[in-house]
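Taking this note's numbering, the leading residue of the sequence shown gets 3, the next gets one more, and so forth.
Even for Gly, the Cβ is constructed at its ideal location relative to N, Cα and C.
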Amino acid sequence: MKKYENNYGIRMCDSVMKRHSLLPLSWAYDHGVVFEGLERIWLKTEDDKYFNYIKANMDIYVDPNGYIGYYQPHEYNIDHVKNGRTILMLYRNTGQKKYKLAASLIREQLRRHPRTKEGGFWHKFIYPHQMWLDGIYMGSPFYCEYAKLFHEPDAFDDVAHQIILMYEKAKDPKTGLLYHGYDESRGMKWADDETGCSPHFWGRAIGWYAMAIVDVLDNFPENHEKRKEICDIFKNVIDAVIKVQDEETGLWWQVLDMPKREGNYLESSCSCMFVYSIAKGIRLGILDEEYSKYCEKGYEGIISRFVKEDENGILDLIDTCQVAGLGNNPYRDGSYEYYISEPRVTNDFKGVGAFILACAEMEK
Numbered sequence: 003m004k005k006y007e008n009n010y011g012i013r014m015c016d017s018v019m020k021r022h023s024l025l026p027l028s029w030a031y032d033h034g035v036v037f038e039g040l041e042r043i044w045l046k047t048e049d050d051k052y053f054n055y056i057k058a059n060m061d062i063y064v065d066p067n068g069y070i071g072y073y074q075p076h077e078y079n080i081d082h083v084k085n086g087r088t089i090l091m092l093y094r095n096t097g098q099k100k101y102k103l104a105a106s107l108i109r110e111q112l113r114r115h116p117r118t119k120e121g122g123f124w125h126k127f128i129y130p131h132q133m134w135l136d137g138i139y140m141g142s143p144f145y146c147e148y149a150k151l152f153h154e155p156d157a158f159d160d161v162a163h164q165i166i167l168m169y170e171k172a173k174d175p176k177t178g179l180l181y182h183g184y185d186e187s188r189g190m191k192w193a194d195d196e197t198g199c200s201p202h203f204w205g206r207a208i209g210w211y212a213m214a215i216v217d218v219l220d221n222f223p224e225n226h227e228k229r230k231e232i233c234d235i236f237k238n239v240i241d242a243v244i245k246v247q248d249e250e251t252g253l254w255w256q257v258l259d260m261p262k263r264e265g266n267y268l269e270s271s272c273s274c275m276f277v278y279s280i281a282k283g284i285r286l287g288i289l290d291e292e293y294s295k296y297c298e299k300g301y302e303g304i305i306s307r308f309v310k311e312d313e314n315g316i317l318d319l320i321d322t323c324q325v326a327g328l329g330n331n332p333y334r335d336g337s338y339e340y341y342i343s344e345p346r347v348t349n350d351f352k353g354v355g356a357f358i359l360a361c362a363e364m365e366k
């Protein structure tokens, strides 16, 4: 796979740090995506300013006794598990007990987290009986890394079960793409009466799922009986994703399978997620080298279309869907019209974090 001489990943990290001396105060999963990007650039450059920035941000929340401010475990929100990965990274690199204690609080949420009848984590307590693609990314990489660090071998079976169950429930047999959400109860208006699935293929949701698998595999046992099945699922998802890659730009659409439909647009966060996932899949040996043409074209398209530079050399990432979900109030019905109605914004942390991760894979 071609490695680019560019340093956009480093420059975007520096741009984030110039824009925000500290990230806004919130126990927010999208901060964790940025922190993982910063971690990759820290490991690549060995410049401790990136590690120190991550630590300074996380120490606002994690007190000396391992209590996590602004974290509400009783909400049983799988999104709140995401930043546990950054806590584990800090524990691995500092050995400070407070990080181990904080990580154990998040692990305890998963022990108590409500599940579907088949054992899948609910996305949130306020979204009962539902699994969303996003949730596999929010929960499984932390769950897997915690199991490896603290010797919980039985947890790997559960990690595999979450990934496989979500795939079985969300997969469209015709396209191989995955629907955003699944409602076991069929009680939501957005849920298909037969399948329980929401009606469309949202780019970022599938991006979260693909990233979840390659990040889980960093810590998932090589000899586990489910590893091959997980790798096969990943390859199947990527094979479906490359079929809907825009031929001209190498990018991906907000609603993946409707490129010509009025209102649809090329979206930056999912494009970055797919480039990251494909490139990392090649590096891990899950995908053959021939897949490199898809992430190379995607990376070049991202730089060309979505990255802007101001007069001070600070980088911006444009055209990220700010948010998309299902249900709640006002009600989000999962329709095409809904997905294209959500605002497109600049420098959204979900997009910026995914961009840095993609650059970390694609650049020298």
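Would you identify the three-state DSSP class for residue 218, choosing helix, strand or coil? In the sequence shown, the residue the question calls residue 218 occupies position 216. The answer is helix: DSSP assigns residue 218 an H, G or I state.
For residue 365, which residues of its own chain have a beta-carbon under 6 Å away from its beta-carbon, when the five flanking residues on both sides are left out? As a first step, residue 365 is located in the sequence shown; it is residue number 363 there, counting from the start. Only 6, 8, 11 meet the Cβ criterion.
Could you tell me the alpha carbon to alpha carbon distance between residue 203 and residue 182, rounded to whole angstroms? Taking the first residue of the sequence shown as position 1, residue 203 is located at position 201. Taking the first residue of the sequence shown as position 1, residue 182 is located at position 180. Their Cα atoms are separated by approximately 6 Å.
Candidates 23, 85, 77: which alpha carbon is nearest residue 38's? The sequence position of residue 38 within the sequence shown is 36, counting from 1. The residue with the shortest Cα to Cα distance from residue 38 is 85.
Just confirm the distance between the C-beta atoms of residue 93 and residue 133, as a whole number of angstroms; I'd bet it's less than 8 Å. By 1-based counting over the sequence shown, the position of residue 93 is 91. By 1-based counting over the sequence shown, the position of residue 133 is 131. Actually they do not touch by this definition, with Cβ atoms about 29 Å apart.
What residues are listed by DSSP as bridge partners for residue 68? Counting from one through the sequence shown, the residue named residue 68 turns up at place 66. None, per the DSSP bridge assignment.
For residue 322, the nearest candidate out of 275, 166, 311, 362 (CA to CA): Here residue 322 is taken as the residue at index 320 of the sequence shown, counted from 1. Selected option, being the one with the closest Cα: 275.
Residue 238 to residue 67, Cα distance in whole Å? Taking the sequence shown and counting its residues from 1, one reaches residue 238 at position 236. Taking the sequence shown and counting its residues from 1, one reaches residue 67 at position 65. Their Cα atoms are separated by approximately 44 Å.
Rounded to whole angstroms, what is the Cα-Cα separation between residue 76 and residue 338? The sequence position of residue 76 within the sequence shown is 74, counting from 1. The sequence position of residue 338 within the sequence shown is 336, counting from 1. C-alpha separation (whole angstroms): 33 Å.
Quick one: what does DSSP say residue 113 is sitting in, helix, strand or coil? As a first step, residue 113 must be located in the sequence shown, where it is residue number 111. Of the three classes helix, strand and coil, the one that applies to residue 113 here is helix, per DSSP.
With which residues is residue 302 paired in a DSSP beta bridge? Counted from its first residue, the sequence shown places residue 302 at position 300. Note: residue 302 sits in no beta bridge, so no partner.
Between the C-alpha atoms of residue 219 and residue 87, what's the straight-line distance to the nearest angstrom? Counting from 1 along the sequence shown, the entry for residue 219 is found at position 217. Counting from 1 along the sequence shown, the entry for residue 87 is found at position 85. One C-alpha to the other measures close to 14 Å.
Cβ pair count under 8 Å reaching 3, the stretch 204-214 against the stretch 268-284: yes
Inspect the beta-carbon positions of residue 64 and residue 104 and report whether they are closer than 7 Å. Translated into positions along the sequence shown, residue 64 becomes position 62. Translated into positions along the sequence shown, residue 104 becomes position 102. Yes, Cβ-Cβ distance for residue 64 and residue 104 is below 7 Å.
Let me confirm a value: residue 242 is counted as buried when at least 16 other C-beta atoms fall within 10 Å, else exposed. Which label applies? As a first step, residue 242 is located in the sequence shown; it is residue number 240 there, counting from the start. Answer is buried; the Cβ neighbour count reaches 16.
In whole angstroms, give me the CA-to-CA distance for residue 58 and residue 180. Here residue 58 is taken as the residue at index 56 of the sequence shown, counted from 1. Here residue 180 is taken as the residue at index 178 of the sequence shown, counted from 1. Roughly 37 Å between the two C-alpha positions.
Which runs of the alpha helix (DSSP H) spanning at least 4 residues fall entirely within the stretch 84-137, listed in chain order? 86-96, 99-114
Cut-off 6 Å between Cβ atoms - residues of its own chain near residue 168, not counting five sequence neighbours on either side: On the sequence shown, position 166 is the one that residue 168 refers to. Contacts found: 133, 138.
Please classify residue 114: is it buried, with 16 or more other beta-carbons within 10 angstroms of its beta-carbon, or exposed? Numbered from 1 along the sequence shown, position 112 holds the residue referred to as residue 114. Flag for residue 114 reads exposed.
Every unbroken beta strand (DSSP E) within the stretch 289-353, with a cutoff of 3 residues, ordered by chain: 309-311, 317-319
Could you give the distance in angstroms between the alpha-carbon of residue 51 and the alpha-carbon of residue 21? Here residue 51 refers to the residue found at position 49 when the sequence shown is read from its first residue. Here residue 21 refers to the residue found at position 19 when the sequence shown is read from its first residue. Each residue's Cα considered, the two are about 15 Å apart.
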